[in-house]
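> According to the numbering used here, the sequence shown is numbered sequentially starting from 10. Using N, Cα and C, we set each Cβ at its ideal position, and we do this for glycine too.
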Amino acid sequence: MGKTVPPPREKPPPIPDFTGRWVLDRTELLEEYMKQSLGTDHVKHKFPKDMTVINEIQQIGNSFRMKVITRGGVNETCFEVGEQWQEQDSTGDTCTVTSKWMNSKLVTIAEGRKTVTVTRELRGEFMITTMKCRNATSRCIFSRDNKQAS
């Protein structure tokens, strides 16, 4: 009697390439998400409709350098998918962050006073960023900008 040959494994989906300069096109439910993630004391005004957010991403395989540029300043993070790191959240508290691939989506989970999950996915020329904290979920839709990332 011969050996049983296991069925072929499904090939994992290719890792998407997020490299590029992404400009915020629109948001959905951002204010409620900010209240949940930052707390009502930190949300003192409505976000301007013309808020400019630029997300510059450099990716080589599982290594990322993300730079978020807003009127309030620049926040830069470098990480390797699958590794854990410490960073300060927007309230100044230290949190532990992990990242992983879920099919073709990049998921980062920041755990501190609150748990925040951010999922990034590519859909054509758009990067959809879904943020979850407690019972609030927001989406930021970024469009690819053809300018050179710095």
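1) Would you kindly work out how many angstroms separate the C-alpha atoms of D98 and P23, rounded to a whole number?
2) Let me check understanding here. Comparing Cα to Cα, which of S147, N112, I78, T128 lies closest to A119?
3) Got a sec? Which residues, its chain only, sit under 6 Å from W94 by beta carbon, not counting five neighbours each side?
4) Could you tell me which of E85, T117, M136 sits nearest to T36, measuring between CA atoms?
5) Locate the beta strand (DSSP E) running through V116, then write down its first and last residues.
6) Put M140 into one of helix, strand or coil per three-state DSSP.
Reading it off the structure:
1) 30 Å
2) T128
3) F88, V106
4) M136
5) 114-120
6) In the three-state scheme derived from DSSP, where H, G and I count as helix and E and B as strand, M140 is classed as strand.
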